[in-house]
Amino acid sequence: MSRKRNRMEIIANILEECKGGIKKTRLMYKTNLSYRLFCKYTRLLEKKGLITFVDNEYRLTAKGYDYLNRVKEYINLLKKLKEMRESLEDLKDEKQLIKR
969 MSRKRNRMEI IANILEECKG GIKKTRLMYK TNLSYRLFCK YTRLLEKKGL
1019 ITFVDNEYRL TAKGYDYLNR VKEYINLLKK LKEMRESLED LKDEKQLIKR
């Protein structure tokens, strides 16, 4: 069973899909959001100036590109930290086995 996406992952997903311009319905399907959540997030991102709605399409702004790049970097760092933590836990378990 897959885990739920967190808020940052949902926002990154929306921003990624808006890169080349995308129609409203297509964006909703590509991001796999309910209509209610879709409206909530797109309103938030428009208000923050990360996306715009022009010519019946959502488009990423310059500020949105910058934010998306930073979020991707942050998510990658979190993944690396998780891998390091798991590696350290494995080492700890191995040392405990040796001591016994």
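Using our numbering, you'd call the opening residue of the sequence shown number 969 and step up by one each time. All residues carry an ideal CB built from backbone N, CA and C; glycine is no exception.
In the structure shown, what three-state DSSP assignment does T1029 receive?
coil
What would DSSP say about T1010, mapped onto helix, strand or coil?
If DSSP states are grouped into helix, strand and coil, T1010 belongs with the helices.
Could you tell me whether the region 975 to 991 touches the region 1002 to 1018, where touching means 3 or more Cβ pairs closer than 8 Å?
yes
Report the three-state DSSP secondary structure of T993 (helix, strand or coil).
It is helical.
Contact belief for L1049 with G1032 at Cβ below 8 Å, rounded distance in angstroms:
No, L1049 and G1032 are not in contact; Cβ-Cβ is about 26 Å, not under 8 Å.
What residue from D1023, V1022, E985 has the CA that sits closest to F1006's CA?
Nearest of D1023, V1022, E985 to F1006, Cα basis: E985.
Let's see if you can read the secondary structure: which residues bound the beta strand (DSSP E) around T999?
First-last for T999: undefined, no H or E at that position.
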